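**Student:** Sharing a structure with you now.
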Amino acid sequence: MKEKPKEYALEYAGFWLRLAAALIDFSVLIAGLYILYCVISQSLFWIFPDIRSVFNGLMDISRGAPLSGSLIWVMATVMLTFLVGGTIYCVACSATSGQTLGKMSVGIKIIRTDSSPLDIRSAILRFLGTVLCVATLGVGFILIAFDSHKQGLHDRIADTYVVKLPVKQVVYTQTFARGEIG
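Okay, structure coming up:
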């Protein structure tokens with residue numbers, strides 16, 4: 017006879033916890049993009065300026081200098097790389113484990129509303145919903161704070177919840193509790 021798996025009551029992850037996970041994911045993406053750009057600019061130095069040149073160009077622009085064509089091209093390349101990398105990161109992590117690195121670090125996971133794991137279709141749909149939320153200047157994310165199931169617009173589009181993972185309890189045996197080994 018098969019043993020029935022343990023069932024846990026779902027506790028939905030709120031706005032601030034999900035924001036913390038998103039900030040961690042953003043930091044991971046920025047660090048990855050920085051490393052990738054440094055490697056590319058060193059390998060293809062005749063096409064890409066080094067990262068110091070890019071930062072100096074951005075500082076010049078903030079001081080009122082006109083945009084140069086090469087800096088526009090580099091910025092567009094960086095933005096496109098960030099968009100493609102972010103899409104692959106979010107969709108692949110969500111579809112395989114239901115968690116990105118940020119979600120893992122704060123102990124939350126994406127599941128479907130029927131409690132099944134995410135598939136690739138749902139992960140893509142959820143990512144497109146996230147893009148829509150960003151395009152509406154975050155209004156879709158604000159719904160998380162006021163919804164009873166803590167769903168944002170992107171969660172409703174993909175039919176998903178973000179839930180807190182149950183805390184694993186450590187169980188000690190009698191012998192271990194008395195200080196004995198074994």
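Residue 149 in the working numbering is what sits at position 133 of the sequence shown, and the numbering runs on without skipping anything. Ideal Cβ placement from N, Cα and C applies to all residues, glycine included. This one's a predicted model, so the numbers in the text were calculated from it and none came from an experiment.
1. Given 8 Å as the limit, is there contact between the region 124-144 and the region 40-47, that is, 3 or more CB pairs closer than that?
2. Under three-state DSSP, which class holds Thr-129?
3. Among Phe-143, Ala-151, Ser-78, Val-150, which one has its Cα closest to the Cα of Asp-175?
4. If we call anything under 8 Å between Cβ atoms a contact, is Gly-30 one with Ile-160?
5. Put Lys-180 into one of helix, strand or coil per three-state DSSP.
6. With distances taken between CB atoms, is the gap from Ile-136 to Ala-111 smaller than 8 Å?
7. To the nearest angstrom, how far is the alpha carbon of Lys-166 from that of Lys-119?
8. List the endpoints of the continuous alpha helix (DSSP H) containing Lys-119.
9. Relative to the C-alpha of Ala-139, which candidate in Val-70, Trp-32, Val-55, Val-178 has its C-alpha closest?
10. Let me confirm a value: Ala-81 is counted as buried when at least 16 other C-beta atoms fall within 10 Å, else exposed. Which label applies?
11. Which runs of the beta strand (DSSP E), 3 residues or longer, sit entirely within the region 137-182?
12. Anyone know if the C-beta pair for Ile-124 and Leu-33 falls short of 8 Å?
13. Going by Cα to Cα distance, which pick from Glu-27, Thr-116, Leu-83 is closest to Ile-40?
14. Using the C-alpha atoms, what's the distance from Asp-76 back to Glu-27?
**Tutor:** Quick look at the numbers:
1. no
2. Locating residue 129 in the sequence shown gives position 113, where the first residue counts as 1. Of the three classes helix, strand and coil, the one that applies to Thr-129 here is coil, per DSSP.
3. By one-based count along the sequence shown, residue 175 stands at place 159. Minimum Cα-Cα distance from Asp-175 among the listed residues Phe-143, Ala-151, Ser-78, Val-150 corresponds to Phe-143.
4. Locating residue 30 in the sequence shown gives position 14, where the first residue counts as 1. Locating residue 160 in the sequence shown gives position 144, where the first residue counts as 1. Yes, Cβ-Cβ distance for Gly-30 and Ile-160 is below 8 Å.
5. The sequence position of residue 180 within the sequence shown is 164, counting from 1. Strand at Lys-180.
6. Locating residue 136 in the sequence shown gives position 120, where the first residue counts as 1. Locating residue 111 in the sequence shown gives position 95, where the first residue counts as 1. Contact: yes.
7. Here residue 166 is taken as the residue at index 150 of the sequence shown, counted from 1. Here residue 119 is taken as the residue at index 103 of the sequence shown, counted from 1. Cα to Cα, Lys-166 sits roughly 15 Å from Lys-119.
8. If you number the sequence shown from 1, residue 119 lands on position 103. That run of the alpha helix (DSSP H) goes 117-122.
9. Within the sequence shown, residue 139 is the residue found at index 123, counting from 1. Nearest option by C-alpha distance: Val-178.
10. Locating residue 81 in the sequence shown gives position 65, counting from the first residue. Exposed, by the Cβ-count rule.
11. 176-180
12. Looking up residue 124 in the sequence shown gives position 108. Looking up residue 33 in the sequence shown gives position 17. It is a contact, given that the beta carbons lie within the stated cut-off.
13. The count along the sequence shown starts at 1 and reaches residue 40 at position 24. It is Thr-116 whose Cα lies nearest to the Cα of Ile-40.
14. The count along the sequence shown starts at 1 and reaches residue 27 at position 11. The count along the sequence shown starts at 1 and reaches residue 76 at position 60. Approximately 49 Å between the Cα atoms of the pair.
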